[in-house]
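Here the protein sequences come in this chain order: A and B.
Numbers 422 to 653, taken from the numbering used here, label the letters of the first sequence in order.
Numbers 422 to 653, taken from the numbering used here, label the letters of the second sequence in order.
Only one structure is covered here, and it is reproduced in the block below.
Number of protein chains: 2
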Amino acid sequence: MSSKPPMRDALVAAAFQLFLERGYEQTTIDDIVALAGVGRRSFFRYFPSKEDVVFPDHERCLADMTAFLSSGGDEHEPVRRVCDAARLVLRMYNENPTFSVQRYRLTKKVPGLRAYELSVVWRYERALADYLRGRFAGRPDGTLQADVIAAAVVAAHNNALRSWLRSDGQRDAGAEVDHALGYVQSAFGHPPVRPVGELQEQRPEDVVVVVSRRGAPMWRVVQEIEAAFGRD
Amino acid sequence: MSSKPPMRDALVAAAFQLFLERGYEQTTIDDIVALAGVGRRSFFRYFPSKEDVVFPDHERCLADMTAFLSSGGDEHEPVRRVCDAARLVLRMYNENPTFSVQRYRLTKKVPGLRAYELSVVWRYERALADYLRGRFAGRPDGTLQADVIAAAVVAAHNNALRSWLRSDGQRDAGAEVDHALGYVQSAFGHPPVRPVGELQEQRPEDVVVVVSRRGAPMWRVVQEIEAAFGRD
DNA sequence: GACCCGGATGGCACTCAGTGCGCTCCAAGG
DNA sequence: CCTTGGAGCGCACTGAGTGCCATCCGGGTC
Chain A
422 MSSKPPMRDA LVAAAFQLFL ERGYEQTTID DIVALAGVGR RSFFRYFPSK
472 EDVVFPDHER CLADMTAFLS SGGDEHEPVR RVCDAARLVL RMYNENPTFS
522 VQRYRLTKKV PGLRAYELSV VWRYERALAD YLRGRFAGRP DGTLQADVIA
572 AAVVAAHNNA LRSWLRSDGQ RDAGAEVDHA LGYVQSAFGH PPVRPVGELQ
622 EQRPEDVVVV VSRRGAPMWR VVQEIEAAFG RD
Chain B
422 MSSKPPMRDA LVAAAFQLFL ERGYEQTTID DIVALAGVGR RSFFRYFPSK
472 EDVVFPDHER CLADMTAFLS SGGDEHEPVR RVCDAARLVL RMYNENPTFS
522 VQRYRLTKKV PGLRAYELSV VWRYERALAD YLRGRFAGRP DGTLQADVIA
572 AAVVAAHNNA LRSWLRSDGQ RDAGAEVDHA LGYVQSAFGH PPVRPVGELQ
622 EQRPEDVVVV VSRRGAPMWR VVQEIEAAFG RD
């Protein structure tokens, strides 16, 4: 399906070889194209800027994410769905752990690459926030909640991802991200608010008790109360 | 206290005049220094890059924020303190509303400026997260919670800030930010989460809501509450 | 006043990222 | 065979950012 341009891969390989052995800023585009044996102009045909060669597959991953969010499914648990979308990014990192660890070490010390990574992450966050804004349309503070939850999901994902990268890919990336995203879901999503008692088969004059541990947000409690009264 | 270099202000004024009348990318450093009547080299003495002239006071604001967080006070409500720190940024924007609105319009359409703004925002977020990490040291998921809460605070602040900027500074910036930060505090902090009824003096993390449909007898309500609390 | 000194400024040349344009080469297809 | 279009290449150009040195100027010293 996707044609593999060998030149692109050759440029990435040459670039990383030089970046690792002499540093990012000490490597010029001419150095890269000389090592790859291609013309200078061809570099900019595959990568719009020098930074892009460090993140060669994020464009594809971002497209995957928007496609995943566009395809419906699990409509009434948007937070969970957004967490699943974030896991796509982890999957990409996990496809090539050694490459990811090398890149992490590079971005950690080069300010320009950190800044570029921020703009990449920002686009992921925007994709999540836009999805949530659509799901939360009509709620009183819909866009606010969407933006905050998207930021929290991204922050949790990145926290776990970096912890995994710092371990040189030794730890279990999936477990760490699941744990981190679980924290966000417990703060914003359904799980932590569990009805005590037989909510399912409640008789009309029954008493419903909702207990929330771990500081669930007030609006979630209100939402649960409304659900208990059968309003939706 | 703070010496006022007139040259710096002249450069900012000249730069914005040109940015607004002919666009950011269409304006070169030479254009700016020619209009300001200074040498080209002096520009880079005051601003390390062309982007920096668009955000002339963020460096000072960031220093204010770290100073505010370093000076102790309100030790046992870290989330509230971090929200107060975020309000410092709003205050800076609010000191010069017309300038802030102009800059907002500029950064909205120039991708390079958006990317630079991200790196600025990231430094604020790091300052907040580092403070929270210190406060949460020892907690099981301390760094995770610190990162997530910092991201949520920044997202909420920016959501309100942008809403205010989009209104050309007409709406009440303080009120909008207070509302947005209140949402975050209600999700992560103790105080705003208040149980319905008279159950305030619980463990801070526990929220108990009792809903009684169709007038159940009082003893049933008490029974359910006791069951909920005795459950573990 | 002569002298000196340090900081602020200006001028200049240089590197390097990124762009526009026109050229060649080659493979597909008539 | 010729045509055509895309992929690669070479080259010249713009503009950001840097290093270096000359200059200017205000203040302090003798």
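Heads up, the beta-carbon is just placed ideally off N, CA and C, and yes, glycines get one too.
- DSSP places A/G533 in the uninterrupted alpha helix (DSSP H) bounded by 532 to 556.
- Residue nearest to B/P518 within the set B/L602, B/R592, B/L439, B/Y604 is B/R592 (criterion: CA-CA distance).
- Using a Cβ-Cβ cut-off of 7 Å, B/N515 is close to nothing in chain A; its nearest Cβ partner there is about 19 Å away.
- From the listed residues A/T449, A/V475, A/R443, A/F440, the smallest Cα separation to A/R429 is found for A/V475.
- The continuous stretches of alpha helix (DSSP H) do not include A/F476, and DSSP gives it neither H nor E.
- Under the DSSP assignment, A/N580 falls in the alpha helix (DSSP H) whose first and last residues are 563 to 587.
- A direct Cα-Cα distance of roughly 54 Å separates B/A596 from A/P426.
- In the three-state reduction of the DSSP assignment, B/G494 falls in the coil class.
- For a Cβ distance threshold of 7 Å, residue set A577, N580, A601, Y604 of chain A lies close to B/L565, ordered along the chain.
- Using a Cβ distance threshold of 8 Å, B/L483 and B/A548 count as a contacting pair.
- With a threshold of 8 Å between beta carbons, A/A572 makes contact with chain B.
- For B/D562, the closest Cβ of chain A is nearer than 8 Å.
- Comparing alpha carbon positions, the residue from B/W543, B/F464, B/N579, B/G590 closest to B/D568 is B/W543.
- Boundaries of the alpha helix (DSSP H) harbouring A/V598: 594 to 609, taken from the DSSP string.
- Interface criterion met: the Cβ of A/D568 is under 8 Å from a Cβ in chain B.
- Collapsing the DSSP output to three states places B/F468 in coil.
- Contacts between B/W543 and chain A, judged by CB atoms closer than 7 Å, involve L539 in chain order.
- When secondary structure is reduced to three states using DSSP, A/Y525 falls in the helix class.
- Taking a contact as a CB-CB distance under 8 Å, the pair A/V433 and A/C504 does not count as one, their CB atoms being some 30 Å apart.
- Interface residue (Cβ-Cβ distance to chain A less than 8 Å): B/A596 is not classified as such.
- Of all alpha-carbon atoms in A/N580, A/A436, A/P499, the one lying nearest the alpha-carbon of A/V454 is that of A/A436.
- For A/F609, the C-beta contacts it makes with chain B under 7 Å involve A608, in order along the chain.
- Taking a 10 Å sphere around the C-beta of B/P469, we find fewer than 16 other C-beta atoms and assign the residue as exposed.
- A check of alpha carbon separations from A/A608 across A/A571, A/M486, A/D589, A/W585 identifies A/A571 as the nearest.
- Annotation: A/A506 has no Cβ neighbours in chain B at a cutoff of 7 Å; minimum Cβ distance is about 17 Å.
- Put simply, the CB of B/A536 is near chain A, with a gap under 8 Å to one of its CB atoms.
- Less than 8 Å separates the beta-carbon of A/L565 from that of B/A601.
- Of the candidates B/T449, B/A457, B/V522, B/E480, the residue whose Cα lies closest to the Cα of B/G590 is B/V522.
- Nearest neighbour of A/E446 by Cα position, chosen from A/S584, A/F557, A/L527, A/R583, turns out to be A/L527.
- Boundaries of the alpha helix (DSSP H) harbouring B/N515: 499 to 516, taken from the DSSP string.
- Of all alpha-carbon atoms in A/Y525, A/D478, A/N579, A/R501, the one lying nearest the alpha-carbon of A/G610 is that of A/R501.
- Straight-line spacing of the CA atoms in B/R583 and A/R508 works out to 29 Å.
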